[in-house]
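Structure, as structure tokens:
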Amino acid sequence: MSTSSTTLPSADPLVGSRSFLSRLREGDEIVRLITFLFAASVVLITLLLVFELWQGSVLARHKFGFAFFATRVWDPNAGEFGALPFIFGTLVTSIVALLIAVPLGIGAAIFLAELAPARVSDTLEFFIDLLAAVPSVIYGLLGFLFVVPLMRDYIQPRLKDSLGFLPFFKGPAYGIGFLTAGLVLAIMVIPYIISVSREVLLSVPRDQREAALALGSTRWESTWKVVVPFARAGIMGSIFLALARALGETMAVTMVIGNTPAISASLFSPGYSIAAVIANEFSEATGDLYPQALIELGLVLFLLTFILNGLARIMILATSQRGSGMGNA
Amino acid sequence: MKRIAGILLASFGLASALLAANALTITGAGASFPYPMYSKWFDEYHKKDTNIEINYQSIGSGGGIKQVTEGTVDFGASDGPMNDDQLKAFQDKHGFAILHFPTVLGAVVPTYNIPGVTTDLNFTPEALSGIFLGKITKWNDPAIAGANKGVNLPGNDIVVVHRSDGSGTTYIWTDYLSKISDEWKSKVGKGASVNWPVGLGGKGNEGVAGLVKQTANGFGYVELIYAIQNKMPYGTVKNSSGAFIKADLAGVTAAAAGAAKSMPDDFRVSITDAPGKAAYPISSFTWLLIPAKFSDGPKRDAIKGFVKWMLADGQNYAEALSYAKLPKEVVAKEVKALDGIQ
Numbered sequence: 000m001s002t003s004s005t006t007l008p009s010a011d012p013l014v015g016s017r018s019f020l021s022r023l024r025e026g027d028e029i030v031r032l033i034t035f036l037f038a039a040s041v042v043l044i045t046l047l048l049v050f051e052l053w054q055g056s057v058l059a060r061h062k063f064g065f066a067f068f069a070t071r072v073w074d075p076n077a078g079e080f081g082a083l084p085f086i087f088g089t090l091v092t093s094i095v096a097l098l099i100a101v102p103l104g105i106g107a108a109i110f111l112a113e114l115a116p117a118r119v120s121d122t123l124e125f126f127i128d129l130l131a132a133v134p135s136v137i138y139g140l141l142g143f144l145f146v147v148p149l150m151r152d153y154i155q156p157r158l159k160d161s162l163g164f165l166p167f168f169k170g171p172a173y174g175i176g177f178l179t180a181g182l183v184l185a186i187m188v189i190p191y192i193i194s195v196s197r198e199v200l201l202s203v204p205r206d207q208r209e210a211a212l213a214l215g216s217t218r219w220e221s222t223w224k225v226v227v228p229f230a231r232a233g234i235m236g237s238i239f240l241a242l243a244r245a246l247g248e249t250m251a252v253t254m255v256i257g258n259t260p261a262i263s264a265s266l267f268s269p270g271y272s273i274a275a276v277i278a279n280e281f282s283e284a285t286g287d288l289y290p291q292a293l294i295e296l297g298l299v300l301f302l303l304t305f306i307l308n309g310l311a312r313i314m315i316l317a318t319s320q321r322g323s324g325m326g327n328a
Numbered sequence: 000m001k002r003i004a005g006i007l008l009a010s011f012g013l014a015s016a017l018l019a020a021n022a023l024t025i026t027g028a029g030a031s032f033p034y035p036m037y038s039k040w041f042d043e044y045h046k047k048d049t050n051i052e053i054n055y056q057s058i059g060s061g062g063g064i065k066q067v068t069e070g071t072v073d074f075g076a077s078d079g080p081m082n083d084d085q086l087k088a089f090q091d092k093h094g095f096a097i098l099h100f101p102t103v104l105g106a107v108v109p110t111y112n113i114p115g116v117t118t119d120l121n122f123t124p125e126a127l128s129g130i131f132l133g134k135i136t137k138w139n140d141p142a143i144a145g146a147n148k149g150v151n152l153p154g155n156d157i158v159v160v161h162r163s164d165g166s167g168t169t170y171i172w173t174d175y176l177s178k179i180s181d182e183w184k185s186k187v188g189k190g191a192s193v194n195w196p197v198g199l200g201g202k203g204n205e206g207v208a209g210l211v212k213q214t215a216n217g218f219g220y221v222e223l224i225y226a227i228q229n230k231m232p233y234g235t236v237k238n239s240s241g242a243f244i245k246a247d248l249a250g251v252t253a254a255a256a257g258a259a260k261s262m263p264d265d266f267r268v269s270i271t272d273a274p275g276k277a278a279y280p281i282s283s284f285t286w287l288l289i290p291a292k293f294s295d296g297p298k299r300d301a302i303k304g305f306v307k308w309m310l311a312d313g314q315n316y317a318e319a320l321s322y323a324k325l326p327k328e329v330v331a332k333e334v335k336a337l338d339g340i341q
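Chains as they are written, first to last, in numbering that gives the first Met the number 0: chain A, 0 to 328; chain B, 0 to 341.
What follows is the structure, given as structure tokens:
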């Protein structure tokens, strides 16, 4: 600790001219090395993860090849494994979750950052952080005991009556399925969107708002046309953080999705997600091929997350280059 | 302050060193169904012989087989016997065999939630396989109604619920369906997880029970113990002698006694659809998986000592925890088989 305090005044131009040895003696090099190792471990862990998933699924990859992505059957007894229903379920539940969570989350963030008094905003932020920290199994229980009966007895019959002509709202209303899983996921990810978006909105410089107001815009116009676009990159970031959480969520999803590897246009239908099937079946998976097929599913989930994160990066880059000066949010 | 801490640390160190000097820790892993029984046994046995501590992780039968084969635990435990491939894999890796020792018995029961029906329903094998194959879809189907004269069954769709997690319970249920239905055997087969023709998946006994309770016209299967402890309605099942049996511990032991006469020497036997008038047909042993050879002498003696105690005094704890005891014939056979562990 004492070494770092002695280096503090060295914000002067002399810093570069000190010899390597003196920097080593004063601890700079050691701190640099240690923190570099910490940072490098992130890359190492990612590589190790991919390597392990790749190695662990060698039999399954060779046996099924790319057909793994297109096969709809999952039959441990027959040794036939396909990822399609699980990929479908993972994507559909995540999309439903975002469709619900994004407007609600961003709306709430705008209220907290721009409209609410600071005291209200800070109090609510405390509760939002609390919600973000609730373990997912609690959300699963909430979903199973409260959301499922609500969906079955009230929401699904009403959706069927009013929008039943659409293919999304057909079939028997069990209360569990894609729609319920998406809704529970939405409840889980909204705190992330609110919390991150609020911070980003709050960090928009005051001048931006004042400039807009000075030009005669209303408060809403300054928020919607100036502040939100300025914070666009950060808000996108919060959405993709939410997406990542939704894709990988296991416990809460398996409790309300119905755990049936089915592909159906109807959101009322029971389904399955990649994370849920791995958690459900891995402990009892025997033989060579079966556990490997589950590990390959893990690889698929990793790939899915990787692709979506890549897309997110590209979108953030594209939007931040389009004039809004805040790429670092 | 420092001094006190030092003294405390030293005495802790001394105490743990003393304890460690004599303690022998045995590790096991596997089936979760008998876990309450096993933890009671290991606890009682530790009280009897404080030098022996048995750590058991209920990670599931598949995990137990995997870990004992890899040699990371001293023994495994499973709700379904190891198949020939798994036995061979163990033999190839270690150069000696792995032995099965039945410990207690359990049963799986059909449970349902039909609004307006409060009596126990009777299920024929044809009805059970038909419902789970998706061929019988309504409660008033003749296959169900025929065995339940006088019960006013609705014409509603049956909502089938099964386990989504791999489990010994599913193994027993599908093992039974495979025995009574050729179509089930060829289309679906038996296993801890199978490709279900119909139905919703619930995680764990509580997941299945929850879905059945919540969903009108729901139908699923749970462990007998779970149904008893949670006071769930469950139906009788027609056995191979044609009698409808409501599952209880006596019926399960009767099924085991029926099978005891033809018990193979390796104890790998399925007692679903067992013969005997009083036998409940969806019953099963659960097994300890113990390697036939130990390089560590004290460990071997400790495990043998435990199994011997479990077969004698240990059995008396079973019924209080709603597990069925082993029949006497099986106990005698197992005591002999213990000599096979070297």
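Positions of the beta carbon are idealized from the N, C-alpha and C atoms, including for glycine.
Predicted, not measured: the structure shown is a model, and the values here were computed from it.
Between the alpha carbons of A:S21 and A:L48 lies a distance of about 39 angstroms. Chain A has no Cβ within less than 7 angstroms of the Cβ of B:I270.
With a minimum length of 4 residues, the unbroken runs of alpha helix (DSSP H) contained wholly in the segment 165-251 of chain A fall at 177-201, 205-213 and 231-247. Per the coordinates, the alpha-carbon of B:A254 lies some 53 angstroms from the alpha-carbon of A:T45. In the displayed model, A:I306 falls within a helix according to three-state DSSP. For chain B, the residues of the segment 139-153 of chain A that bring a beta carbon within less than 7 angstroms of one of its beta carbons are F143, V147 and P148, in chain order. Taking 8 angstroms as the upper bound on Cβ-Cβ separation, chain A lies near no residue of the segment 22-37 of chain B. Note: B:Y233 is bridge-paired with B:T110 in the DSSP secondary-structure output. For B:W138, the secondary structure class from DSSP, reduced to helix, strand or coil, is coil.
For B:Q56, no alpha helix (DSSP H) encloses it; the enclosing beta strand (DSSP E) starts and ends at I51 to Q56.
Short of 7 angstroms from the beta carbon of A:V226, and not among the five residues preceding or following it, lie these beta carbons of its own chain, in chain order: E113, L200, V203, Q207 and R208. Beta-carbon to beta-carbon, A:I127 and A:S196 are separated by about 11 angstroms, too far to satisfy the 8 angstroms threshold. In this structure B:G167 does not touch B:G250 by the C-beta definition: roughly 19 angstroms separates them, more than the 8 angstroms allowed. Inter-segment contact for the segment 166-185 of chain B and the segment 106-125 of chain B is present: three or more beta-carbon pairs are separated by less than 8 angstroms. In this structure, A:I175 is the residue among A:I175, A:G236 and A:R31 with its C-alpha nearest to the C-alpha of A:G257. Rounded to whole angstroms, the Cβ separation of A:P269 and A:Y153 is 19 angstroms, and the two are not in contact under 8 angstroms.
Counting the other CB atoms within 10 Å of its CB gives A:R157 a total below 16, which places it among the exposed residues.
Taking C-beta atoms as the reference points, A:A284 and A:A185 fail to come closer than 7 angstroms. Residues of chain A whose Cβ lies closer than 7 angstroms to the Cβ of B:I58 are, in chain order, S282.
Between the alpha carbons of A:S282 and B:K87 lies a distance of about 21 angstroms.
The C-alpha of A:K159 is placed about 11 angstroms away from the C-alpha of A:L266. B:G200 has B:H161 as its beta-bridge partners, per DSSP. In its chain, beyond the 5 residues on either side, T249, M250 and T253 have a beta carbon closer than 8 angstroms to the beta carbon of A:A278. For B:S166, the neighbours in chain A by C-beta distance under 7 angstroms run, in chain order, E283. Taking a Cβ-Cβ cut-off of 8 angstroms, the neighbours of B:L199 in chain A comprise Y173, I175, G257, N258, T259 and P269, given in sequence order. The closest CA to that of B:V103, considering only B:R162, B:I224, B:S163 and B:Q228, is found on B:I224. Put simply, the segment 302-313 of chain B does not touch the segment 202-213 of chain B. Fewer than three CB pairs are less than 8 angstroms apart. Boundaries of the alpha helix (DSSP H) around A:I273: I273 to E280. Contact residues of the segment 201-231 of chain B toward chain A are G201, K202, G206, G209, L210, Q213 and T214 (C-beta to C-beta distance below 8 angstroms). In terms of CA proximity to B:N54, B:Y37 leads the group B:G198, B:S283, B:T68 and B:Y37.
By DSSP's assignment, B:D156 forms a beta bridge with B:K137. Judged by DSSP secondary structure, B:T68 falls within the alpha helix (DSSP H) whose first and last residues are S60 to E69. With respect to the 7 angstroms criterion, A:Y138 and A:V72 are not classified as neighbours on the basis of their beta carbons. Around the beta carbon of B:P290, 16 or more other beta carbons sit within 10 angstroms, so the residue counts as buried. For A:A284, there is no enclosing beta strand (DSSP E), as DSSP marks it with neither H nor E.
The CB of B:I64 comes closer than 8 angstroms to the CB of T285 in chain A, given here in chain order.
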